[in-house]
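Enquirer: What follows is a structure written as structure tokens; I'll ask about it next.
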Amino acid sequence: MRSVRTISAVDSHTEGMPTRVVTGGVAPIPGATMAERRRYAVEHLDDLRRFLVDEPRGHSAMSGALLQPPLSPDADWGVVYIEVSGFLPMCGHGTIGVATVLVETGMVEVTSPETVVRLDTPAGVVEARVEVRDGHAERVTLRNVASFALGHDLTVKVPGLGEVGYDMAYGGNFYAIVALDSIGLPFDRAHKDDILKAGLAIMAAINEQDPPRHPADPLIGGCKHVQFLAPGSDARHSRNAMAIHPGWFDRSPCGTGTSARMAQLHSRGELPLNTEFVNESFIGTRFTGRLLETTTTGGVPAVVPEFSGRAWITGTANYLLDPADPLPNGFVL
Ligand code: PYC
Numbered sequence: 001m002r003s004v005r006t007i008s009a010v011d012s013h014t015e016g017m018p019t020r021v022v023t024g025g026v027a028p029i030p031g032a033t034m035a036e037r038r039r040y041a042v043e044h045l046d047d048l049r050r051f052l053v054d055e056p057r058g059h060s061a062m063s064g065a066l067l068q069p070p071l072s073p074d075a076d077w078g079v080v081y082i083e084v085s086g087f088l089p090m091c092g093h094g095t096i097g098v099a100t101v102l103v104e105t106g107m108v109e110v111t112s113p114e115t116v117v118r119l120d121t122p123a124g125v126v127e128a129r130v131e132v133r134d135g136h137a138e139r140v141t142l143r144n145v146a147s148f149a150l151g152h153d154l155t156v157k158v159p160g161l162g163e164v165g166y167d168m169a170y171g172g173n174f175y176a177i178v179a180l181d182s183i184g185l186p187f188d189r190a191h192k193d194d195i196l197k198a199g200l201a202i203m204a205a206i207n208e209q210d211p212p213r214h215p216a217d218p219l220i221g222g223c224k225h226v227q228f229l230a231p232g233s234d235a236r237h238s239r240n241a242m243a244i245h246p247g248w249f250d251r252s253p254c255g256t257g258t259s260a261r262m263a264q265l266h267s268r269g270e271l272p273l274n275t276e277f278v279n280e281s282f283i284g285t286r287f288t289g290r291l292l293e294t295t296t297t298g299g300v301p302a303v304v305p306e307f308s309g310r311a312w313i314t315g316t317a318n319y320l321l322d323p324a325d326p327l328p329n330g331f332v333l
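Numbering (the UniProt record's numbering), first residue to last: 1 to 333.
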């Protein structure tokens, strides 16, 4: 067996969505903040991302996290998120996966019944409270970054769909929130190809006509996620089909999408603080969330959300690169 690259990982899934937690084989990434590390990774480490998430080691909906030494003094670990769409500023299901792996592998000091893990992410420090029973991470509750609605009742002209109405909200990534029945499609996995095609067309049109920009962080912008709401979704219980660039659905309810949805509902006056909200994924798994407090970010009214969900370890692996492998960075079909 020969290898010119060896990356160790603990694989997990959060409510159905994979997180490959990279625990070894990646050096500290240059940068004075995690946002700078993410930017360095975008510019210099895309081959590593593709090696870990694309085929044949990953698949079209693969996602993961590179563990890093933290840069904020109060954080336990730093995280750079990787997935098929690129390097995300923040990833909720991924953070639940990371916190679960850190506790179950003993990479943080574990206390029962709760272990608090502070993670330095490109979008800011997030706090994960892990419920621990008999050494097992049972559930993770995340206090997420400030989330906000950027616009209500916006419209975009989408080739093949005409004028599509949406709200734009941020919960660690930007989400165009669209009622699925407004584009004439049913909330049915048998129609997933049509839903995905519509999602990608909406993202492309928004990025061309009115791309979102974070008011306080110039490194965060663009729309790579469309949160399609199922009929009957409301401010206490929503179901979503989360279409993500370049062409896949979140299998989990999506943590940053849940935060964006709660921020949108709050800004519309429909979700007060400290009120339970359930978000359900396309495969029927759930996150529970609530809004903790109001704040502002870059002058925009915002809320601080929390959400909780569960993750399970599915394996440990060393990912190798044979020097004779003709597809060293993997591929996308
Ligand atoms: O859970 O925040 C999330 C997420 C983003 C992309 C996929 N999952």
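Ideal placement from N, C-alpha and C gives every residue a C-beta, glycine not left out.
Hey, could you find the ends of the beta strand (DSSP E) N279 is sitting in?
Expert: Element bounds for N279: 277 to 280.
Enquirer: Three-state secondary structure (DSSP) at M34?
Expert: Looking at M34 - three-state DSSP - the assignment turns out to be helix.
Enquirer: Using only the alpha-carbon positions, how far apart do R38 and S85 sit?
Expert: One C-alpha to the other measures close to 14 Å.
Enquirer: With distances taken between CB atoms, is the gap from A260 to Y170 smaller than 8 Å?
Expert: Yes, the pair counts as a contact, with Cβ atoms nearer than the cut-off.
Enquirer: Taking V103 and A65 to be in contact with their CB atoms under 8 Å, please state how far apart those CB atoms are, rounded to whole angstroms.
Expert: Not confirmed; about 15 Å, so no contact.
Enquirer: Hey, quick one: how far does the beta strand (DSSP E) through L240 stretch, first residue to last?
Expert: Reading off the sequence shown, one finds Asn at residue 240, where the question assumed Leu. Its beta strand (DSSP E) spans residues 237 to 244.
Enquirer: Would you say M173 touches the ligand PYC, meaning its beta carbon is less than 7 Å from a heavy atom?
Expert: The residue asked about is misnamed: residue 173 is Asn in this sequence, not Met. True, at least one ligand heavy atom lies under 7 Å from that Cβ.
Enquirer: Does the region 248 to 257 come into contact with the region 229 to 236, if we say contact requires no fewer than three beta-carbon pairs (one atom in each stretch) closer than 8 Å?
Expert: Taking 8 Å as the limit for Cβ pairs, the verdict is that the region 229 to 236 does not touch the region 248 to 257.
Enquirer: Quick test of the definition: if touching needs 3 or more C-beta pairs under 8 Å, does the region 183 to 199 touch the region 126 to 145?
Expert: As far as the Cβ criterion goes, the region 183 to 199 does not touch the region 126 to 145, which means the pair count is below three.
Enquirer: Run through the region 58 to 132 for me and flag every whole beta strand (DSSP E) of 3 or more residues, listed as ranges in chain order.
Expert: Within the region 58 to 132, the complete beta strand (DSSP E) runs of at least 3 residues are 63 to 68, 77 to 83, 114 to 121.
Enquirer: Could you give the distance in angstroms between the alpha-carbon of K224 and the alpha-carbon of F187?
Expert: Their Cα atoms are separated by approximately 20 Å.
Enquirer: Using 7 Å as the cut-off, classify the Cβ of L88 as near or not near the heavy atoms of the ligand PYC, replying yes or no.
Expert: L88 Cβ: within cutoff of the ligand PYC.
Enquirer: Measure the C-alpha to C-alpha separation of A263 and A75 and round it to an integer number of angstroms.
Expert: Approximately 25 Å between the Cα atoms of the pair.
Enquirer: Terminal residues of the continuous alpha helix (DSSP H) containing R50?
Expert: Per DSSP, R50 belongs to the alpha helix (DSSP H) from 46 to 53.
Enquirer: According to the Cβ coordinates, are V101 and S12 closer than 8 Å?
Expert: Yes.
Enquirer: If you measure from each CB to the nearest heavy atom of the ligand PYC and keep those under 5 Å, what residues do you get, in chain order?
Expert: The set, ordered by position in the chain, is C91, G92, H93, D250, C254, G255, T256.
Enquirer: How is A204 classed by DSSP in three states: helix, strand or coil?
Expert: Residue state, collapsed to three classes: helix.
Enquirer: For R261, report the span of its alpha helix (DSSP H) as first-last.
Expert: Start and end: 255 to 267.
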